[in-house]
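Below is one structure, written out as structure tokens, with a few remarks after it.
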Amino acid sequence: MTGRRDRRRDGEQGIEPVALDRERGAPLHHQLYLVLSDAIASGRYEEGDALPTEERLTEIYGVSRITVRRAMSSLHENGLIDRGSGKRTRVRGLGDPVRGAGGSIVSNIIAMGAETVARVLEFEYVEARGFARQRLWMGDQAPVQRAVRLRSIDGAPMGLLTSYVPEVLGRTWTEEELGAQPLHALLARAGADVTATRQLASAALAEPLVASRLGVHVGAALIDLRCLMIARDGRVVEYVEILAPPDRMRMRYDFGLETLEGPVIPAKAGPKQEE
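If you read the sequence shown in UniProt numbering, its first letter stands for residue 1, the second for the next number, and so on.
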């Protein structure tokens with residue numbers, strides 16, 4: 001317990017032991033920016049948490065002080081941190097990262113599960129933090145199951161999935177079962193049939209650990225999918241983040257007019273263009 005408290009006091013609770021790629025890929029300051037921004041976006045750092053000092057970051061990642069300062073400047077310019085003279089650098093609030101409604105991402109997740117082979121890279125029970133604690137379980141700090149899976153076709157990585165589920169559901173399956181069956185099937189077996197979702201599709205840049213797992217260059221563009229899975233009784237039963245190279249994943253969306261919010265207003269015809 002003492003070690004855990006010390007890491008939090010020193011701002012190192014969100015640090016992953018990742019080696020920056022000095023041979024190829026993005027500049028070191030940009031790689032460090034990606035590592036730290038991923039730690040913030042994933043909830044390892046919450047709003048108000050202090051980051052490690054510049055001196056400590058130079059020790060952890062073996063880079064110069066100017067490299068650290070350039071990375072921190074990028075974090076500040078992108079609104080991820082607050083920097084004060086003589087004060088520790090602290091994380092800013094990110095707001096709600098999941099918006100919208102519908103089932104389109106879910107259908108793509110199910111299709112991915114049916115067409116690919118999964119390898120479980122990480123499997124643990126951790127205290128709910130960041131978005132998982134604030135939104136999924138309404139501030140409850142009870143443990144959640146966190147799992148990282150790499151899905152591949154014929155050995156080629158297709159997507160990296162990080163899932164969070166309540167401990168009471170996660171305890172109904174093993175790490176081996178998670179590697180052999182899609183998570184939605186295990187949730188259904190546990191009595192948590194997913195009937196609604198909230199989702200967001202955007203883009204991200206590959207930080208070093210993600211890049212090594214997906215076999216792409218550091219800083220490569222990735223599809224970034226995030227989805228809340230909601231059961232029939234209204235419980236949020238899963239939050240999943242998916243990162244995938246755009247050349248390896250195709251997504252299909254089917255929308256009916258009844259799924260659109262508000263009235264549908266026809267576009268006015270513009271002036272006729274002369275040929």
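C-beta: ideal position from N, C-alpha, C; glycine also. Quick caveat: nothing in here was measured; it's all calculated off a predicted structure.
Quiz prompt | Reduced DSSP secondary structure (H/G/I, E/B, other) of Asp82 | solution = Position 82 of the sequence shown, counted from the first residue, corresponds to residue 82. It is a strand residue.
Practice problem: Give the C-beta separation of Glu55 and Val91 to the nearest angstrom, bearing in mind that I take them to be a contact with Cβ-Cβ under 8 angstroms. | Solution: On the sequence shown, residue 55 is found 55 positions in, with the first residue counted as 1. On the sequence shown, residue 91 is found 91 positions in, with the first residue counted as 1. Not quite, the Cβ-Cβ distance comes to about 19 angstroms (not below 8 angstroms), so this is no contact.
Quiz item: What residues are listed by DSSP as bridge partners for Gly159?
Solution: The residue given as residue 159 occupies position 159 in the sequence shown. According to DSSP, Gly159 shares a beta bridge with Arg151.
Quiz item: What's the call for Thr116, buried or exposed, on a 16-neighbour Cβ count within 10 Å?
Solution: Residue numbering aside, residue 116 sits at position 116 when the sequence shown is read from its first letter. Buried, since its Cβ has 16 or more Cβ neighbours within 10 Å.
Quiz prompt | Touch test, the region 226-233 against the region 204-216, Cβ-Cβ under 8 angstroms, three pairs minimum | solution = Output reads no: the region 204-216 does not touch the region 226-233.
Quiz item: Do Glu177 and Pro143 have their C-beta atoms within less than 8 angstroms of each other?
Solution: Here residue 177 is taken as the residue at index 177 of the sequence shown, counted from 1. Here residue 143 is taken as the residue at index 143 of the sequence shown, counted from 1. Cβ distance not < 8 angstroms, so Glu177 and Pro143 don't count as in contact.
Exercise. Keeping to the same chain, check which residues put their C-beta closer than 6 angstroms to that of Ile242; ignore five residues upstream and five downstream.
Key: By 1-based counting over the sequence shown, the position of residue 242 is 242. Taken in chain order, the residues that qualify are Gly159, Leu161 and Leu225.
Quiz item: Are Leu187 and Glu124 close, meaning C-beta to C-beta below 8 angstroms?
Solution: Counting from one through the sequence shown, the residue named residue 187 turns up at place 187. Counting from one through the sequence shown, the residue named residue 124 turns up at place 124. No.
Quiz item: Exposed or buried, Arg129, counting other C-beta atoms within 10 Å across all chains shown (16 or more means buried)?
Solution: Your numbering for residue 129 matches position 129 in the sequence shown. Buried is the call here.
Quiz prompt | Between the CA atoms of Thr174 and Ile60 - distance to the nearest angstrom | solution = Position 60 of the sequence shown, counted from the first residue, corresponds to residue 60. Position 174 of the sequence shown, counted from the first residue, corresponds to residue 174. Rounded to the nearest whole angstrom, the C-alpha separation of Ile60 and Thr174 is 34 angstroms.
Quiz item: Closest by CA to Arg146, which one among Asp247, Ala156, Asp154 and Leu121?
Solution: Your numbering for residue 146 matches position 146 in the sequence shown. The residue with the shortest Cα to Cα distance from Arg146 is Leu121.
Quiz item: What's the C-alpha gap between Ile15 and Ser212?
Solution: Within the sequence shown, the letter at position 15 stands for residue 15. Within the sequence shown, the letter at position 212 stands for residue 212. Cα to Cα, Ile15 sits roughly 17 angstroms from Ser212.
Self-check item: Cα-Cα separation, Leu36 to Asp247
Solution: By 1-based counting over the sequence shown, the position of residue 36 is 36. By 1-based counting over the sequence shown, the position of residue 247 is 247. If you take the alpha carbons of Leu36 and Asp247, they lie about 26 angstroms apart.
Self-check item: Extent of the continuous alpha helix (DSSP H) run through Thr172
Solution: For the purposes of this step, residue 172 is identified with residue 172 of the sequence shown, where counting begins at 1. Segment: none, Thr172 is in no alpha helix (DSSP H) and carries neither H nor E.
Exercise. State the start and end residues of the unbroken beta strand (DSSP E) segment that holds Thr197.
Key: Here the question's residue 197 lines up with position 197 in the sequence shown. Counting along the chain, the beta strand (DSSP E) containing Thr197 begins and ends at Val194 to Leu205.
Quiz item: What is the rounded straight-line gap between the Cα of Tyr45 and the Cα of Ala39?
Solution: Taking the first residue of the sequence shown as 1, we reach residue 45 at position 45. Taking the first residue of the sequence shown as 1, we reach residue 39 at position 39. So the alpha carbons of these two residues sit roughly 6 angstroms apart.
Quiz item: Can you tell which of Gly234, Glu127 and Val218 has the C-alpha that lies nearest to the C-alpha of Arg22?
Solution: Indexing the sequence shown from 1 puts residue 22 at position 22. Among Gly234, Glu127 and Val218, the Cα nearest to that of Arg22 is on Val218.
Quiz item: Is Gly43 buried or exposed, if buried means 16 or more other CB atoms sit within 10 Å of its CB?
Solution: For the purposes of this step, residue 43 is taken as the residue at position 43 of the sequence shown. Here Gly43 is buried, its C-beta having at least 16 other C-beta atoms within 10 Å.
Quiz item: Which residues in the same chain as Val210 place their Cβ atom closer than 7 angstroms to its Cβ, once the five residues preceding and following it in sequence are excluded?
Solution: Position 210 of the sequence shown, counted from the start, is the residue given in the question as residue 210. For Val210, where only same-chain residues beyond five positions count, the Cβ hits under 7 angstroms are Leu160 and Leu243.
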